Amino acid sequence: MLRYRIPIQLKGARCRGCGRISPLISWALGACADCIRGDPMRVLPGIKQAHTRSRRAFGLPVEPPRATDGVPCTFCINECRIPEGGRGYCGLRTNRSGKLVHLGGTRRRGILQWYYDPLPTNCVAQWACAESTHYGYKNLAVFYGSCSFNCLYCQNWSYRHLAAGLAPRLSAEELAEQVDEKTACICFFGGDPSPQMPHAIATAELARKKAGSRSLRLCWETNGSLQPALLRRAARLALGSGGTIKFDLKAWDDNLQQALCGITNRRTLENFQWLAEFGRQRPEPPLVVASTLLVPGYVDVQEVAPLARFIAAIDPAIPYSLLAFHPQFYLSNLPTTSRSHALRCLQAARETGLTNVRIGNIHLLSEAY
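Just so you know, we're using my numbering here: the sequence shown kicks off at 550 and counts up by one.
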């Protein structure tokens, strides 16, 4: 079995841009947020090395392949062009004799784990969902083993083991069979469902058919980088079932986004705007919910305020959850989010006119800085 050792925690790191030393600077990034946003050409090459290490540890492509003679894959923002014998960025597509071959993410084969979660659960949108008071029922949680981003602070980084091993495997029919009379909703997350949306959509359609006239909410939790046509199909399923699509808005500044996640936020913001406008036809329960993880030293008021303005300009009633951070993966030397950090971001979001903002994971808040 592939093994991965969490990096040793340090008390602080030096920014290679300005030279400042702080416990709010990640040793893996080696750069502060100000330099990433203001002087990216100086610090991003070093950050790229951290992304390279984090992906090679699992045998995943270091970057989205761009082979001029490669076969194209259009499932997400990366739009890989995969060389002969190579794999796409998510690890689930390859090129065999000039043909795109799906190693996972199709109706016949999803790379995932699933489990039942008693309701109410710790879903990101739980506070805005009608299932938040549905005691005695359960959620079918579908954890996909793939992602279109490479977040160095990933809270569910173990998905990489599934992507590397292409297992466990389950067809859409096999997964839909897990829905029973006590299943009130399905949540597709991960990793991220973006690289495996055909499997998720097929499962959702089969599960709705099995449930018949009984209510079964269909929900997605995603970084929002999926192909727009696939988002539209998922949105119609969520809308018709009373479900929700939760977008994780990582950062506003694209240099910071790429430093933290390896991939641009362009598709995420475009898809969010479309979904939020589409969701106006069903205000309750909300079709779209946004969240942002408050990464100490990086995702601060300078990120939250413009994200909140972006959301509020579409619809000020969209729920927005500011989530407390727990040190994970390559950002393991950072502290948990401080209470003052979270409160400043909460105030900044509310000042944009958003009417439904909250702090999530309150139990993680600290007085560390």
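Beta carbons are placed, not taken as given, at the ideal position from N, Cα and C, and that holds for glycine. Only a predicted model underlies this, so the values are computations on that prediction, with no experimental measurement involved.
What do you get for Leu871, buried or exposed, if any count of 16 or more other CB atoms within 10 angstroms of its CB means buried?
-> Buried, by the Cβ-count rule.
Residue from Gly640, Val620 and Cys639 with nearest C-alpha to Ile631 | With distances taken between Cα atoms, Ile631 lies closest to Val620.
CB-CB length for Thr841 against Gly773, believed under 8 Å = Not really, about 12 Å apart at Cβ, beyond 8 Å.
Stretch pair the segment 718 to 728 + the segment 658 to 665: three plus CB contacts closer than 8 Å | With a cut-off of 8 Å on Cβ pairs, the segment 718 to 728 is in contact with the segment 658 to 665, counting three or more such pairs.
Quick one: give me the first and last residue of the beta strand (DSSP E) that Phe692 is part of.
-> Looking at the DSSP string, the run of the beta strand (DSSP E) that includes Phe692 is Lys687 to Tyr693.
Enumerate in chain order the residues of its own chain whose CB-to-CB distance from His875 is below 6 Å, with the five nearest sequence positions on each side excluded.
-> Counting only residues of its own chain and dropping the five nearest sequence neighbours on each side, His875 has a CB closer than 6 Å to the CB of Thr885 and Leu913.
Is Thr643 helix, strand or coil by DSSP?
-> In this structure, Thr643 counts as strand in the three-state DSSP scheme.
For His600, which of helix, strand or coil comes out of DSSP?
-> It is helical.
Taking Asp849 as the reference, which of Gln822, Ala898 and Thr643 has the closest Cα?
-> Among Gln822, Ala898 and Thr643, the Cα nearest to that of Asp849 belongs to Ala898.
Take the Cβ of Val650 as the centre, count every other Cβ of all protein chains shown within 10 Å, and call the residue buried at 16 or more, exposed below.
-> Val650 should be labelled exposed.
State the start and end residues of the unbroken beta strand (DSSP E) segment that holds Gln896.
-> First-last for Gln896: Arg888 to Glu900, but that is the alpha helix (DSSP H), not the beta strand (DSSP E).
Touching by the beta-carbon criterion (3+ pairs, under 8 Å), the segment 698 to 708 and the segment 756 to 768 = No contact exists between the segment 698 to 708 and the segment 756 to 768.
Expected contact under 8 Å - CB spacing of Cys810 and Asn699 to nearest Å | For a cut-off of 8 Å, the C-beta gap from Cys810 to Asn699 is around 6 Å, short enough to register as a contact.
What is the DSSP secondary structure of Trp823, reduced to helix, strand or coil?
-> In the structure shown, the three-state DSSP call for Trp823 is helix.
Specify, as a first and last residue, the run of the beta strand (DSSP E) that Glu770 falls within.
-> Arg766 to Thr771 is the span of the beta strand (DSSP E), which, as asked, contains Glu770.
Going by DSSP, which residues form a beta bridge with Cys622?
-> Bridge partners of Cys622: none, in fact.
Start and end of the beta strand (DSSP E) containing Pro667?
-> That run of the beta strand (DSSP E) goes Gly659 to Pro667.
In terms of residue numbering, what span does the beta strand (DSSP E) encompassing Phe738 cover?
-> From DSSP, the beta strand (DSSP E) with Phe738 extends over Thr732 to Gly739.
Using the rule of at least 16 other Cβ atoms within 10 Å of the residue's Cβ for burial, across every protein chain shown, is Pro835 buried or exposed?
-> It counts as buried.
Enclosing beta strand (DSSP E) for Ile860 [first to last residue] = Segment Val850 to Ile863 is the alpha helix (DSSP H) holding Ile860; no beta strand (DSSP E) there.
Throw me the rounded Cβ distance for the Asn644 and Gly635 pair, which I believe falls under 8 Å.
-> Correct: roughly 6 Å between the Cβ atoms.
Other residues of its chain near His748: CB distance less than 7 Å, five sequence neighbours each side excluded = Cβ neighbours of His748 beyond the five flanking positions: Gly654, Thr655, Arg656, Gly659 and Ala721.
In three-state DSSP terms, what is Leu841?
-> The sequence shown places Thr at residue 841, not Leu. Strand at Thr841.
Skipping 5 residues on each side, what residues in its chain have a beta carbon closer than 7 Å to that of Lys648?
-> Cβ within range, chain order: Val620.
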